[in-house]
Amino acid sequence: MALKGWKELPIGGVILEAGNAAEYRTGGWRAFRPVFGEAACIHCFQCWLFCPDSSILVDAENEKMMGFDLEHCKGCGICASVCPVNAKVRRQVGDKIPRDDPRLCIRMVEEGKAE
Amino acid sequence: MSKYEALTGDQAVATAMRQINPDVVAAYPITPQTETVEFFAEYVADGLVTTDFICVESEHSAMSACVGASAAGARVMTATSAQGLALMWEVVYIAASYRCPIVMSLVNRALSGPINIHCDHSDVMGMRDSGWIILFSENGQEAYDNVIQAVRIAEHPDVLLPVVVCQDGFITSHAMERVEVYDDDAVKAFVGTYKPLYPLLDVDNPKTYGPLDFYDYYYEHKRQQVEAMEHALPVILEVAKEFNRKFGRNYGLFEPYRLDDAEVAVVVTNSTAGTAKVVVDDLRAQGLKVGLLKPRVFRPFPAKELADALRHLKAVAVMDRSIAFGSMNNAGPLFLELLAALSLHDVRIPMADYVFGLGGRDIKPSEIETVYRDMLRAAETGKVERLVTYLSVRE
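Line order of the protein sequences matches chains F and V.
The first sequence lines up with residues -8 to 106 when you count with this note's numbering.
The second sequence lines up with residues 7 to 401 when you count with this note's numbering.
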């Protein structure tokens, strides 16, 4: 895609097209990748609520958490931090478990490593 | 009908703000600008304006609130001095970059440190490359007139840049003088209604201000700012022409005083230009061909116009109320830029810089006279004795 010249762009860096952040694929920024542990999920939507990049995929009709939009997820891990199932697991088995522990609902796996 | 009132420079600006009745004013009091904010707060309390006056907790917040309100689509004004401007710094650049036509009254005061509350131009010179249009005012009348014109300049569709209107701290901000205040309706008619280009509050057309702007687009947005600056000079003249016709003034890019047949001249901004006019008259009475050029517009810098106005002279002195530390010969910013402008436009005459008045140090007519005498000698010999002089500093 040819980039626009200065005469063609809106001034002030203003973006006039609503929601075009979707065109900007930020998935490549990730150091850690969220992995969905569907079996543990209680579909509370806390991750969806807190995700700063709208990268939680949900089935709204059936009120189900479906996974992650990895083309945009930057791997910040907020979803894993706010997940109440994760909190419960850590309470039960200990705070020191690794962030990719398979018992977690949302686990963070180093990018490039196998799940 | 206009009427004459006894006003301080600060009060003259507050009066202009009352007549303009901006949608939003976000400001924090700081000496010597405080009076403007105080008077304006009174107008808000008395219901003389419908402005949303945001009493912020710092100048950084003041300029941030101004940017937000301007992006929303409001006509926005603020006022500050020295440290207040310094605290606004990062948002000052953002205001220009987002093309927010904010109007700011800057009452020039020396930057700390050591701490000082009196006049010099170190504060405004720090923002000279920030993308704001910069206007200077000799007295309260000019500050009042410039603020009114600034609204039109800033909001012009070909410009859309913030404008700062300067006047000298205490010297004019706190001196009471005779100011012609125009009829409220005439001022309102002159500034007109603001029609924002991309208002955030136009919710049917959602838009984003301040997104990430990398190597792929940032440069293009800077190029647009250059274009706006280039448009600003003719717009400033066009607005001045209309203002002059309507209110009987004589504004341009600068004011020449007895310059036409002068052999030497001083270039100086703000209140010191007023003192220098007295010196010019005294020396003229002695038969000496001296004149004055008082720049009004510093950003954008009218290089060619200034060069043409000074071309016929035999020597020129610039008086700078700040130092560009570490610059060529530790000169002042006005001198450096004028030197370059004259060189570019093939005006080869002896030039010297006189730094003066830092931290509010008084500048006397007798001292300005020594500058003229130096220049008269330079006109004879064809060269200046010293490139940069720190006038009236104690050895």
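Virtual Cβ for every residue (Gly too), placed ideally from N, Cα, C.
N- and C-terminal bounds of the alpha helix (DSSP H) containing residue i
i        : result
TYR225/V : 224 to 253
ILE123/V : Neither: ILE123/V is in no alpha helix (DSSP H) and is coded neither H nor E.
ILE154/V : 146 to 161
GLU41/V  : 40 to 51
VAL98/V  : 88 to 103
LEU167/V : Premise fails: LEU167/V is in no alpha helix (DSSP H) and is neither H nor E.
VAL73/F  : 69 to 73
Residue i - DSSP class collapsed to helix/strand/coil
i        : result
GLN173/V : strand
ALA18/V  : helix
ARG392/V : coil
ASN27/V  : coil
ALA33/V  : strand
GLY280/V : helix
LYS320/V : coil
ASP50/F  : strand
LEU0/F   : coil
ARG379/V : helix
LYS79/F  : helix
ALA330/V : coil
ARG290/V : helix
MET110/V : strand
PRO371/V : helix
TYR204/V : coil
MET131/V : helix
ALA116/V : coil
GLU401/V : coil
THR214/V : strand
PHE36/F  : coil
MET7/V   : coil
GLU386/V : helix
LYS446/V : The structure shown does not extend to residue 446/V, since chain V is modelled only from 7 through 401, so no value can be given for it.
Endpoints, beta strand (DSSP E) assigned at residue i
i        : result
VAL187/V : 182 to 187
ALA80/V  : Where ALA80/V is concerned, there is no enclosing beta strand (DSSP E), given that its DSSP letter is neither H nor E.
ILE141/V : Position check: residue 141/V holds Leu in this sequence, whereas Ile was assumed. Segment 139 to 142, the beta strand (DSSP E) holding LEU141/V.
GLY363/V : GLY363/V -> no beta strand (DSSP E), and no H or E assigned at all.
ILE60/V  : 58 to 61
VAL197/V : First-last for VAL197/V: 190 to 197, but that is the alpha helix (DSSP H), not the beta strand (DSSP E).
ALA271/V : 270 to 273
PRO151/F : The structure shown does not extend to residue 151/F, since chain F is modelled only from -8 to 106, so the question has no answer here.
PHE341/V : Unbroken run through PHE341/V is the alpha helix (DSSP H), 339 to 350; no beta strand (DSSP E).
GLU62/F  : Unbroken run through GLU62/F: none, as it is neither H nor E.
MET99/F  : 97 to 101
PHE304/V : 303 to 305
GLU261/V : 260 to 263
Where residue i meets chain V, residues with beta-carbon distance less than 9 Å
i         : result
LEU7/F    : TYR204, ASN211, PRO212, LYS213 and THR214
GLY(-4)/F : GLU226 and ARG229
Reference residue i, options the options, closest by Cα
i         : options                                   : result
ARG267/V  : TRP95/V, PRO240/V and VAL296/V            : The sequence given here places Asp at residue 267/V; Arg does not occur at that position. Closest option to ASP267/V, Cα to Cα, is VAL296/V.
TYR224/V  : PHE45/V, MET381/V and ILE100/V            : ILE100/V
MET110/V  : ILE123/V, THR56/V, TYR34/V and ASP164/V   : TYR34/V
LYS(-5)/F : ASP222/V, TYR49/V and GLY146/V            : ASP222/V
GLY116/F  : THR214/V, GLY338/V and PRO339/V           : Outside the shown range of chain F (-8 to 106) lies residue 116/F, about which nothing can therefore be said.
CYS106/V  : ASP210/V, CYS72/V, VAL50/V and THR275/V   : CYS72/V
CYS70/F   : ALA51/F, ILE33/F, LYS(-2)/F and ARG98/F   : ARG98/F
ASP191/V  : GLN25/V, VAL399/V and GLY15/V             : GLN25/V
GLN37/F   : TRP20/F, PHE23/F, LYS55/F and ALA22/F     : LYS55/F
VAL272/V  : ALA315/V, ARG255/V and SER349/V           : ALA315/V
LYS300/V  : VAL43/V, ALA160/V, ASN27/V and ALA323/V   : ALA323/V
PRO120/V  : ARG379/V, VAL377/V and GLY365/V           : GLY365/V
CYS35/F   : LYS104/F, ALA13/F, LYS87/F and ASN77/F    : ASN77/F
LEU319/V  : ASP29/V, ALA384/V and SER118/V            : ALA384/V
ASN276/V  : MET7/V, TYR200/V, LEU340/V and HIS351/V   : LEU340/V
VAL165/V  : PRO202/V, ASP174/V, PRO212/V and ALA234/V : ALA234/V
CYS172/V  : GLU96/V, MET325/V and ARG115/V            : ARG115/V
GLU161/V  : ALA149/V, GLY146/V and PRO28/V            : PRO28/V
PHE41/F   : ALA51/F, GLY103/F, CYS67/F and ARG81/F    : CYS67/F
Cross-chain neighbours of residue i in chain V, by beta carbon under 8 Å
i      : result
LEU0/F : TYR223, GLU226, HIS227 and GLN230
Within chain F, the residues that residue i reaches when beta carbons sit closer than 7 Å
i        : result
PRO217/V : GLY4 and ILE6
Per-residue contacts from residue i into chain F (C-beta, under 9 Å)
i        : result
ARG105/V : ILE2, GLY3, GLY4 and VAL5
Proximity test, residue i beta-carbon vs the ligand PLP heavy atom, cut-off 7 Å
i        : result
HIS127/V : You won't find the ligand PLP in this model; it holds no ligand whatsoever.
Beta-carbon neighbours of residue i, restricted to chain F and to distances below 8 Å
i        : result
LEU166/V : ILE2 and GLY3
Short CB-CB distance (under 8 Å) between residue i and chain C
i       : result
GLU41/V : Protein chains in the displayed structure are F and V, and chain C is not among them.
(request) Determine contact between the stretch 15 to 32 of chain F and the stretch 74 to 94 of chain F, defined as no fewer than three beta-carbon pairs at a distance below 8 Å. (result) With the cut-off at 8 Å, the stretch 15 to 32 of chain F and the stretch 74 to 94 of chain F touch.
(request) Assess, as a yes-or-no matter, whether the stretch 175 to 184 of chain V is touched by the stretch 150 to 165 of chain V under the definition of 3 or more beta carbon pairs within less than 8 Å. (result) No: the two stretches stay apart, fewer than three of their Cβ pairs being nearer than 8 Å.
(request) Check whether the stretch 134 to 147 of chain V touches the stretch 293 to 311 of chain V, taking contact to mean three or more Cβ pairs, one atom from each stretch, closer than 8 Å. (result) As far as the Cβ criterion goes, the stretch 134 to 147 of chain V touches the stretch 293 to 311 of chain V, which means the pair count is three or higher.
(request) Please confirm if the stretch 328 to 345 of chain V is in contact with the stretch 366 to 385 of chain V, defined as three or more CB-CB distances below 8 Å between the two stretches. (result) Flag = no, the stretch 328 to 345 of chain V and the stretch 366 to 385 of chain V do not touch.
(message) Does the contact criterion of 3 or more C-beta pairs under 8 Å hold for the stretch 13 to 26 of chain F versus the stretch 56 to 76 of chain F?
(response) Contact between the stretch 13 to 26 of chain F and the stretch 56 to 76 of chain F is present, with at least three C-beta pairs closer than 8 Å.
(message) Can you confirm whether the stretch 78 to 92 of chain F touches the stretch 52 to 66 of chain F when touching is taken to mean that 3 or more C-beta pairs between the two stretches lie within less than 8 Å?
(response) Short answer: they don't touch.
(request) Check whether the stretch 10 to 17 of chain V touches the stretch 35 to 43 of chain V, counting contact only when three or more Cβ pairs, one atom from each stretch, lie closer than 8 Å. (result) In the pairwise beta carbon analysis, the stretch 10 to 17 of chain V is classified as touching the stretch 35 to 43 of chain V: at least three pairs are separated by under 8 Å.
(message) For the stretch 116 to 136 of chain V against the stretch 237 to 251 of chain V, do three or more pairs of beta-carbon atoms, one drawn from each stretch, fall closer than 8 Å, so that the two count as touching?
(response) They do not touch, by the three-pair rule.
(request) Determine contact between the stretch 3 to 19 of chain F and the stretch 243 to 262 of chain V, defined as no fewer than three beta-carbon pairs at a distance below 8 Å. (result) At 8 Å Cβ cutoff, the stretches do not touch.
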